[in-house]
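In what follows, a structure is listed as structure tokens, so that the remarks can point back to it.
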Amino acid sequence: MSPDTTPAQDAKPSRVLAVVDIGASSIRLHIASADAAGVVRPLDTARQTVELGKDTFKRGEIAAETTERCVAALRSFRRLLDEYGVSDPAQIRAVATTAVREASNGESFLDRLYIATGINVEAIDEGEVNRYTYLSVKPVLDADPAFRKADALIVEVGGGGTRFLALQAGRVAVAQSHRMGALRIREMLEGIHTPASRLPDLLASQVESAVKEIRHSVPLSGKPALLMLGNDARFAASILQENWNPETATRLRVSSLAKLADNLLRKPVDEIVRTHRLAYADAETLGPALLTYVRLAEAFDLPSVFVTGASVRDGIVAEMVRDTWTEELTAQVENSAVELGRRYGFEEPHGRNVARSARALFRVLQPEHRLEARYELLLVVAALLHEIGLYVGNRSHHKHSMYLIQNSDIFGLGNRDREIAALVARYHRKALPQANHPEYMALDRDSRLAVSKLAAILRVADALDRRHGAGPSETRFDLAEGRLTITLRGIPDTVVEEIGLQLKGDLFREVYGLAVTLQTESV
Amino acid sequence: MAATSDTIRFFNRELSWLEFNQRVLDEALNADVPTLERLKFLAITASNLDEFFMVRVGGLKLISAAGVTAQDPAGLTPREQLDRIGDRVRRMVRDQYACFLKTLDPALAAAGIQRVAASQLTRPQRRHLEAQFNPTCFSVVCPLAIHPEAPAPLLAGLVLHLAVRLEPREDKKPRFAVLPLAQPLPRFISLPGEARHTTILLEDAARASVTTFFPGETVLEAAVFRLTRNADLSVQNEDAADFVAEMQQVLDARRQSRCVRLEIEAGASAELVAEVRRLLEVEEADVYAVPGPLALSDFMALTSLDGFADLREKPWPPQPSLTLTGTAGLFDILDHRDILLVHPYDAYDPVLALLEEAAADPQVLAIKQILYRTSRQSRIIAALRRAAESGKYVTVVLELKARFDEARNMDWARELERTGVKVFYGVKDLKTHAKACLVVRKHPQGIIRYAHFGTGNYNEATARLYTDVSYLTSNPDLTADAAAFFNAITGYSQPVPYRKLIAAPARLRARLIELIEGEAERARQGQPARIDAKINSLVDREIIEALYAASQAGVTIRLNVRGICCLRPGVPGLSERITVLSVVDRYLEHARIFRFHRGGEEQVFFSSADWMRRNLDRRIELMIPVDAAACKAHLLEILEAGLQDTAKGRLLHPDGSYAAARPGRGQKAVRSQKALYDAACRRAEDARQDKRTVFEPHRPPDA
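These protein sequences, in sequence, are chains G and S.
Following the numbering used here, the numbering of the first sequence begins with 1311 at its first residue and continues without gaps.
Following the numbering used here, the numbering of the second sequence begins with 252 at its first residue and continues without gaps.
Structure, rendered in structure tokens:
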């Protein structure tokens, strides 16, 4: 979308990247070029209507006809990709969201796509979508003074769900998705055969309950800036504001938006299609979607809202460009974890100490574990949250921690990442990873190895912070000749830590096979 | 043609077109124009009338026969229009033949282009005919016997036929036959002779030997006739797979549709005329007695004879583009600036260069092109083939419904597909009339795209005959729009909003109305408000009404409408501030350029669309804004020149008549096409001067 000016550390020379996004009502292709400095310029976009949502939300599975339509669309996209010289699979990221994930035949659908087109489509979950949304919107937030350091609510009413990110003073506080999407609402109402006259009321009540839940989840007290994303919002912008610029945040009056929504809800879909020259799939979701935005704005008592053209696809491209996560994004994820910890009354200083040590140890041990930088973040999240299980109870609190992490929204982490973090937290005490632990065995081999490596570090880091407030002022790790030396400053002796390591260093010894020496250093 | 009262807001479209044809005929009647050019104009009026009858009159007859009596915007029913057309055409035919027989034919003869009648054949000429022509003629021409009870034979439209009346046999019943003089027989048969160029017309040669076709018979009379069939049939395009097959059916159907006009020699006997009329089921009102050679359109062939420079205008060679004379390739130039060309003053070569360089450049990944009425041996087709063969992704949108080129277009389609080009056969229900081309090329900095937009077809031949605009650019917005446009018309994507381009049938009409109404609003607010437009036809009611409203609001509107104009200018209370001018000169005006004053921030566009309903609602068209300063200035130069033409310009009056635009007192008449040609020459000369004063060394490729 807009040029991303953060310099990339591992930026490659100029290349062409492509994103394929299979949504509830359409398949989109987004081709962009990224130069050596990481500046992204959009090249081409294409969009075809394929009504996956209709199949999944009504009947729970994707029809064969829809699948073939999808194949045909992807084949034409394949041709477009060829025309831009995009041949290497590493240049393409293809994702599918709710409509495919929730379909009972979602996996075989994706297989069919791969066999027919050679394009490997991955089903991504809401956590990842939120991360991409954040990445796509960040340039807009940074560029506009109204948003920087302010409270903001970024909302997208999609076909299958409504996603929102709540930012507090620029930090991600909440990232969630709500299962009420514009298409799903429509399908549901049509599914229960409501008489036409009752439709507007039922629609309104569905939207109301969704809005109430969202309002409740968002911990923002004042009047946040509400930033709308998505096709329906873009349509509203083009109607209400001539020549609106999708690269910035455009302000719209809620009263005008409300009038437009009301107008659209009264019209039959055929008329909307004709008047505005839209596809049927687009016309059907307009009314419900815009109504949702309006009610949400009203729930926060806002006179105006903003809209921008950023999309998940821009976020995916941003991530492809730099391959690793920026420090800023990492910080946001950690913030989100801290927020979660606070919700469960965790002992914040202890969590942060353990996280700090864990991070340092991860970096020192890089040549040994050889894990990507992303795993450092998962370790930090696990370290911060390893004791939130205490909220539930003391006994087996490590298992409660795992459960709480598995079932909470942590901004930026997809399901797989969250699983790993949850398991690392679980293994911070007591039993080591074993074959009769179902959650552990549910992971693939690489992930299981990662969990072991990270949990080993976490146990050590935890062992080093047992003095509850009177801990070392500084902890240093050095690795040399098969020996890890841990230097602690600001404590008289290392007795407490020695005992801790005896109890919790078992996994470390198993995984890394390193001798460990503890020593103190005077300040 | 007179508009009957001031309550009539529009001129009738067909009658307006006939006045356009009259303006072309006026050039044939103009003694200041060289003889062969006059002959060219005369031939054009004839082929114009052929198409007019096939399509417009044909269409009117169909709806009239269906019982439609609805009035058109000018208040005429189909029947009334047909009557008026008939009257007007008869007058026009009289003028055509007066011109030919009294002026042009004698002038041609005096200049050495001799046409020999059958009775004037000398012995050597007769022998030449018998040796060279007759064998071909006899092997090709097949006499068709006409029996009153038998079904009428199928006669092709627009082909000359000899209607022959034979001596009755014992039963005294009249006997007739028809000799179709079809392809491959030439209209002009060369003869040996003293003049520089001696010919005999096909029908005269055939007539001279007509008895040979009927051995043992007495030929009482042989008269030439020509029929014109209705061609206004639409193609049902449900099924893309059968599409090519259906086109074939339309071509077959055309041969069989009803006859809308019968032209027959004035000297034919009443009996013969009656028989031909019966055969073709033609009403008396549709019979045109022609006092000279039929099918004057064929005389176009004489205008391209070698030599006879004194009978022609001095050639105006298209000027080389200043840009392509250096060592830099076209892509390198376009990386730094846009190029705007106006053909044929500016040569068409840069457009060909875009494709030829694209085909040869290994950095080019893909080429997309719309083709419609391209010439047979087009360099463009060759370049596209080469590109496909070298592994580039070539996509062609081939408009199969280009009216009379359908047969030609189908052959290439298959040829292109064979070489690996992905061919799309247009868009369902919409004729692809936009002219655009896109090249995708790799750069070290990423991908750069280059686009060509034009008002003329991708046809090197017509690029020398019509005035047209070509715009070459690498502008990111315009090329992104071009990419999105191709995605939309090839079905790869639903249409997405464009950044700069405006397309029909989606937005073009609405945007034009917005621009016109915007100007009207400025006038109401006291700002100077102006609209200048150069188009080929102005027929659309909504646009005309918007222009009327703008005029009433105070906008000054100057229109250069080459052909049909249904707007009535200069009517008090309706269109006082609107002036309409038409320019008919050696090049057929074809470019469409608009300028909206917008309080000083002028917006200039060029477009593939005329202001007719079919362009705005039923075709795929593009309107391109030109912002690059030099290109904008160039377009305005064209626009102004046309509007100020006092040599070939004709002003339209409120009553529908046209009168020559005269220069002001003491001023010389300005001929816009000549002025533009001179300007192009000056620019080319300046560029050559630059070359002589600033040296451009050959640099090694990586410098």
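Beta carbons: idealized from backbone N, C-alpha and C, even for Gly.
Outcome for residue i when other beta-carbon atoms lying within 10 angstroms are tallied against a minimum of 16
i: S:F389; result: exposed
i: S:T944; result: exposed
i: S:H848; result: buried
i: S:C393; result: exposed
i: S:I786; result: buried
i: G:V1326; result: buried
i: S:D589; result: buried
i: S:K955; result: In this structure chain S extends from 252 to 954, so residue 955 of chain S is not present and cannot be described.
i: S:D929; result: exposed
i: G:M1630; result: buried
i: S:V495; result: In this prediction, S:V495 scores a pLDDT of 47, lower than 50, which makes its location untrustworthy; the coordinate-derived value is nonetheless stated afterwards. Exposed, since its Cβ has fewer than 16 Cβ neighbours within 10 Å.
i: G:S1414; result: exposed
i: G:Y1590; result: exposed
i: S:I998; result: Nothing in the structure corresponds to residue 998 of chain S, since chain S is present only between 252 and 954.
Closer than 8 Å to chain G by CB, residue i
i: S:K686; result: no
i: S:S233; result: No answer is possible for residue 233 of chain S: the residues shown for chain S start at 252 and end at 954.
i: S:G318; result: no
i: S:A761; result: no
i: S:N726; result: no
i: S:Y644; result: yes
i: S:V747; result: yes
i: S:V734; result: A small fix is needed here, since residue 734 of chain S is Ala in this sequence, not Val. Chain G contact via Cβ: present.
i: S:N263; result: no
i: S:A757; result: yes
i: S:Y743; result: yes
C-beta neighbour in chain S for residue i, strict 8 Å
i: G:V1326; result: yes
i: G:D1345; result: yes
i: G:R1584; result: no
i: G:S1548; result: yes
i: G:R1351; result: yes
i: G:R1508; result: no
Own chain, CB closer than 7 Å to residue i, minus 5 neighbours either side, in chain order
i: G:L1423; result: C1380, V1381, L1384, I1429, V1431
i: S:K883; result: V855, V877
i: S:D338; result: none
i: G:V1439; result: T1407, R1473, V1622
i: S:V747; result: A735
i: G:P1317; result: At G:P1317, the pLDDT of 44 sits below 50, so the modelled position is not reliable and the matter cannot be decided from this model.
i: G:R1786; result: T1797
Chain-order list of residues whose beta-carbon lies under 6 Å from that of residue i (same chain, five-residue window excluded)
i: S:A892; result: S923, A926, L927
i: G:Y1442; result: V1622, G1625, I1626
i: S:M1041; result: The question about residue 1041 of chain S has no answer here: the residues shown for chain S are numbered 252 through 954.
i: S:A908; result: Residue identity check: residue 908 of chain S is Ser in the sequence provided, not Ala. Once the five neighbours on either side are set aside, S:S908 has no close Cβ partner at all.
i: G:S1762; result: P1743, V1821
Contact test: residue i Cβ vs the ligand ZN heavy atom, cutoff 7 Å
i: G:K1533; result: Inclusion of the ligand ZN in the displayed structure is not the case, the ligand content being empty and no account of it being possible.
Test: residue i CB closer than 8 Å to a CB of chain A
i: S:S923; result: This model lacks chain A altogether; the protein chains it does include are G and S.
Contacting residues, own chain, Cβ-Cβ under 8 Å from residue i (five flanking each side not counted)
i: G:P1802; result: T1830
Under 9 Å (Cβ pairs) to chain S, residues found in the segment 1353-1370 of chain G = L1353, D1354, T1355, A1356, R1357, Q1358, T1359
Interfacial residues, the segment 1385-1401 of chain G to chain S, with Cβ spacing under 9 Å | S1386, F1387, R1389, L1390, D1392, E1393, Y1394, G1395
If contact means a Cβ-Cβ distance below 7 Å, which residues of the segment 589-619 of chain S contact chain G?
-> Residues passing the 7 Å Cβ filter: L616, A617.
Pick out the complete beta strand (DSSP E) segments inside the segment 1541-1623 of chain G, 3 residues or longer, and give them in chain order.
-> Those beta strand (DSSP E) runs which fall completely within the segment 1541-1623 of chain G and span 3+ residues are 1560-1563, 1614-1617.
Any chance you could list the beta strand (DSSP E) runs of at least 3 consecutive residues sitting entirely within the segment 873-943 of chain S, in chain order?
-> 900-903, 909-911
Which of the residues in the segment 1565-1591 of chain G, read from start to end, lie with their CB under 7 Å from any CB of chain S?
-> R1587, A1589
Below 7 Å between beta carbons is the criterion; list the residues of the segment 852-872 of chain S that meet it against any residue of chain G, in chain order.
-> none
Which residues, in order along the segment 680-714 of chain S, keep a beta-carbon less than 7 Å from a beta-carbon of chain G?
-> V691, K693, P695, Q696, G697, I698
Minimum length 3: unbroken beta strand (DSSP E) runs contained in the segment 403-474 of chain S = Runs of the beta strand (DSSP E) inside the segment 403-474 of chain S: 411-417, 426-432, 439-442, 448-452.
Alpha helix (DSSP H) runs wholly inside the segment 527-592 of chain S, at least 4 long, in chain order | Here the runs fully enclosed are 581-587.
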